[in-house]
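Asker:
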Amino acid sequence: MTRVAFSEELQVNWVSLIADFLLVGMVFGPPIAPFLAASGVFLLPGIADIIYFMGNHVCPQPDMGFDLAPPFIMAVCMRCYGTVTGLLITRLLYGLTGGKGFYWLSQYGWSGAALASVLMMAYPLELAAQVFGLWSFNNYVVTPFGLITGLAWGLFTMPILHGWRGNTVRLRFFDGNCRVQRFKKLL
2 MTRVAFSEEL QVNWVSLIAD FLLVGMVFGP PIAPFLAASG VFLLPGIADI IYFMGNHVCP
62 QPDMGFDLAP PFIMAVCMRC YGTVTGLLIT RLLYGLTGGK GFYWLSQYGW SGAALASVLM
122 MAYPLELAAQ VFGLWSFNNY VVTPFGLITG LAWGLFTMPI LHGWRGNTVR LRFFDGNCRV
182 QRFKKLL
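With the numbering used here, you'll find the sequence shown wraps up at 188, consecutive numbering, no jumps.
#1: Taking only runs of the alpha helix (DSSP H) that begin and end inside the region 48–112, which ones reach a length of at least 4 residues, in chain order?
#2: Should the region 96–115 be regarded as contacting the region 34–50, the criterion being three or more beta carbon pairs within less than 8 angstroms?
#3: Taking the beta carbon of TRP15 as the centre, do at least 16 other beta carbons fall within 10 Å, making it buried, or is it exposed?
#4: I need the straight-line Cα distance from ALA123 to LEU37, nearest angstrom please.
#5: Rounded to a whole number of angstroms, what is the C-alpha to C-alpha distance between PRO72 and ASP50?
#6: Could you check the C-alpha separation between PRO121 and VAL13 for me, to the nearest Å?
#7: Closer than 8 angstroms is the cut-off here; do at least three beta carbon pairs connect the region 96–105 with the region 52–59?
#8: Kindly indicate which three-state DSSP category VAL42 falls into: helix, strand or coil?
#9: Just how far apart, CA to CA, sit PHE29 and ALA70?
#10: Between CYS60, MET79 and PRO61, which lies nearest to ASP68 when the distance is taken from Cα to Cα?
#11: Whose C-beta lies closer than 7 angstroms to the C-beta of PRO32 among residues of the same chain, with five residues either side of it excluded?
#12: Following the continuous alpha helix (DSSP H) through GLY151, name the residue where it begins and the one where it ends.
#13: By the three-class DSSP mapping on this structure, what secondary structure does SER137 have?
#14: Looking only at its chain, what residues have a beta carbon closer than 6 angstroms to the beta carbon of ALA117, apart from the 5 residues adjacent to it on each side?
#15: Considering only residues of the same chain and omitting the five flanking positions on each side of VAL142, which have a CB-CB separation below 7 angstroms?
#16: Please classify MET27: does DSSP put it in a helix, a strand, or coil?
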């Protein structure tokens, strides 16, 4: 007698999966890079070099990172890591709420995009104020500006990235066999 292993379908949202994979790399990469570089174990310094390379190309001040494993510093400054923290917070919030709430900015269309854009200007405005000498670099000052930018960015993009259902792959499990079917859903 044959039994059905799973009667439910498992849907994989590839956009969401890739976005989460990149976010995990952005959250864990910069703080572990100094420890990988300091370890001296076979391939780990090479992995740290890759993380530092990426940090040097996305962060305007990577030399201002925290000194985590002297003489090695974090791969990005705290302004950038504040932005990543804001993205992480909104991803966790999206996981809890499923995108339901007044604070998700993408539901307001162009008005939400405008508000998100204004809030995301916290990062470049703080950087400009520092460049023009209004204050010097301080991790306690730059982190909240990055956090505001990350929260605004996440509150606008998380429902778009994780609610998208364009090309999904549905996996059906019958009798221990996996059948893959591709569907193109209309939005």
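Glycine included, C-beta positions come from ideal geometry on N, C-alpha and C.
It should be emphasised that the depicted structure is a prediction, and the values quoted were computed from it without experimental measurement.
Answerer: Reading from the atomic positions:
#1: The qualifying runs are 79–98.
#2: No: fewer than three Cβ pairs fall under 8 angstroms.
#3: By the 10 Å Cβ count, TRP15 comes out exposed.
#4: About 32 angstroms.
#5: Cα-Cα distance, rounded: 14 angstroms.
#6: Note that residue 121 is Met in the sequence shown here, rather than Pro. If I take the Cα positions, the gap works out to 30 angstroms.
#7: Flag = no, the region 96–105 and the region 52–59 do not touch.
#8: The answer is coil: DSSP assigns VAL42 none of H, G, I, E or B.
#9: Rounded to the nearest angstrom, the two C-alpha atoms are 15 angstroms apart.
#10: Residue MET79 is the option with its Cα nearest to ASP68.
#11: The beta carbon of PRO32 sits closer than 7 angstroms to the beta carbons of LEU69 and MET75 from its chain, once the five residues preceding and following it are set aside; these are given in chain order.
#12: Element bounds for GLY151: 140–164.
#13: The answer is coil: DSSP assigns SER137 none of H, G, I, E or B.
#14: Within the same chain, ALA117 has close Cβ partners LEU106, ALA153 and PHE157.
#15: These residues qualify, in order along the chain: TRP136.
#16: MET27: helix per DSSP, three-state reduction.
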